[in-house]
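A.B. asks: 0 is the number of the first residue of the sequence shown in numbering that gives the first Met the number 0; add one for each residue after it. This is the structure I want to talk about, given as structure tokens.
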Amino acid sequence: MTRWLKSPIYWIKDCVFTIDEARANLGLDPERPMPIEEIYLRLLLYFADKEPIIWINKSRRMMATWLFSARLLYKACFYYGSANFIISRNKEEADQLIEERIKFIYDNIPKKYKHLHPRAIKTKALMRFPEMRSYIRGMPAGPGKIRGKTGSNVFWDEIGAQDKILETWEALRYVIKGGGHIVGVTTPEDNDFKKLFYGLREEQGDNQ
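See the structure below:
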């Protein structure tokens, strides 16, 4: 367990299983370990902790949603008082991500390691870890739902498929000011995500 605390890479290698539906089409077991040996996955994890904001304009089947769902679970299990949020189009989709990704990972931790993890309680769009006083909460996109929340880590999934992207971002700035981290993931979309992506690049360029 000591090495898990040094890097989530070791924990993912030992404990994280995912579902790959494409394998089922080939007659293979769809459950498989997260392929954390892939260099790009390791780099994404590295920058998620190093940088306050990372936006990932990705292609399909990169396993980014699985990766950052696992990261939120890691933070909730091993960081006392960690407040973690996952944002999707609506509360139902956010709850689905917690149920089908985060809870799936937790439920399928190998038995030999399960006792090293805190107890989890799953309710609607919320997964709590009472002994750690930490949680993962699913939130719908939109400034009215997010403003005022204090988060340690935010995973904003499929940004490009959502409404009120710029307004949601404005409501999330408090996370950065409080020392938290935001990871945003989407497939390429010619909408407000494009404005957000290039706008932040310009801001960072002005600050260099």
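Even glycine gets a Cβ: it sits at the ideal position worked out from N, Cα and C. Since the structure is predicted, the reported quantities are computational estimates derived from the model, not experimental observations.
#1: Going by Cα to Cα distance, which pick from M62, G141 and A124 is closest to D162?
#2: Assuming I104 contacts V182 (C-beta within less than 8 Å), just tell me the rounded distance between them.
#3: Using the Cβ count rule (16 or more neighbours within 10 Å means buried), how would you classify R2?
#4: May I have a chain-ordered list of the alpha helix (DSSP H) segments no shorter than 4 residues that lie completely inside the region 23–108?
#5: Determine the extent of the beta strand (DSSP E) in which T167 is found, giving its start and end residues.
#6: Does the beta-carbon of S133 have 16 or more other beta-carbons within 10 angstroms, so that it is buried, or is it exposed?
#7: What does the alpha-carbon distance come out to for the pair R118 and E130?
#8: Output the distance between the C-alpha atoms of G178 and P51, rounded to the nearest integer angstrom.
#9: Taking F128 as the reference, which of G80, D13, I35 and L96 has the closest Cα?
#10: Within a Cβ cutoff of 7 Å, which residues of the same chain sit near L4, ignoring the five residues on either side of it in sequence?
#11: Do the region 50–69 and the region 108–117 make contact, defined as three or more Cβ pairs closer than 8 Å?
#12: Straight-line CA distance for T122 to R70?
#13: Please classify L171 as buried or exposed, where buried requires at least 16 neighbouring CB atoms within 10 angstroms.
#14: Rounded to the nearest angstrom, what separates A75 and P139 at their Cα positions?
#15: Any contact between the region 39–48 and the region 94–101? By contact I mean 3 or more CB pairs, one from each, below 8 Å.
#16: Rounded to the nearest angstrom, what separates V184 and I158 at their Cα positions?
#17: If you reduce the DSSP assignment to three classes, tell me which class T122 lands in.
#18: Taking P7 as the reference, give the member of D28, F84 and M33 with the closest Cα.
#19: Judging by CA-CA distance, which residue of Y39, Y73 and L72 is the nearest neighbour of S58?
#20: Using 10 angstroms around the beta-carbon of D106, count the other beta-carbons present and answer buried if the total reaches 16, otherwise exposed.
C.D. replies: In terms of the structure at hand:
#1: Translated into positions along the sequence shown, residue 162 becomes position 163. If we check each option's Cα against that of D162, G141 comes out closest.
#2: Here residue 104 refers to the residue found at position 105 when the sequence shown is read from its first residue. Here residue 182 refers to the residue found at position 183 when the sequence shown is read from its first residue. The pair is not a contact, with the Cβ atoms about 16 Å apart (cut-off 8 Å).
#3: Here residue 2 is taken as the residue at index 3 of the sequence shown, counted from 1. By the 10 Å Cβ count, R2 comes out exposed.
#4: 38–49, 63–77, 90–96 and 102–106
#5: Against the sequence shown, residue 167 aligns to sequence position 168. Careful: T167 lies outside any beta strand (DSSP E), inside the alpha helix (DSSP H) at I164 to K176.
#6: Here residue 133 corresponds to residue number 134 of the sequence shown, with the count starting at 1. Buried: at least 16 other Cβ atoms inside 10 Å.
#7: As a first step, residue 118 must be located in the sequence shown, where it is residue number 119. As a first step, residue 130 must be located in the sequence shown, where it is residue number 131. Whole-angstrom Cα-Cα distance: 7 Å.
#8: By 1-based counting over the sequence shown, the position of residue 178 is 179. By 1-based counting over the sequence shown, the position of residue 51 is 52. Cα to Cα, G178 sits roughly 7 Å from P51.
#9: Working through the sequence shown from its first residue, we reach residue 128 at position 129. Comparing Cα positions, the closest option is G80.
#10: Reading the sequence shown from its first residue, position 5 is the one you call residue 4. Taken in chain order, the residues that qualify are F77.
#11: no
#12: Position 123 of the sequence shown, counted from the first residue, corresponds to residue 122. Position 71 of the sequence shown, counted from the first residue, corresponds to residue 70. The alpha-carbon atoms of T122 and R70 are separated by roughly 20 Å.
#13: As a position in the sequence shown, residue 171 is number 172, starting the count at 1. With 16 or more other Cβ atoms within 10 Å, it is buried.
#14: If you number the sequence shown from 1, residue 75 lands on position 76. If you number the sequence shown from 1, residue 139 lands on position 140. One C-alpha to the other measures close to 20 Å.
#15: no
#16: One-based indexing of the sequence shown puts residue 184 at position 185. One-based indexing of the sequence shown puts residue 158 at position 159. Going from the Cα of V184 to the Cα of I158 covers about 6 Å.
#17: Locating residue 122 in the sequence shown gives position 123, where the first residue counts as 1. T122 falls in the strand class under three-state DSSP.
#18: Taking the first residue of the sequence shown as position 1, residue 7 is located at position 8. Comparing Cα-Cα distances from P7 to each of D28, F84 and M33, the minimum goes to M33.
#19: Taking the sequence shown and counting its residues from 1, one reaches residue 58 at position 59. Closest by alpha carbon: Y39.
#20: Within the sequence shown, the letter at position 107 stands for residue 106. Label assigned to D106: exposed.
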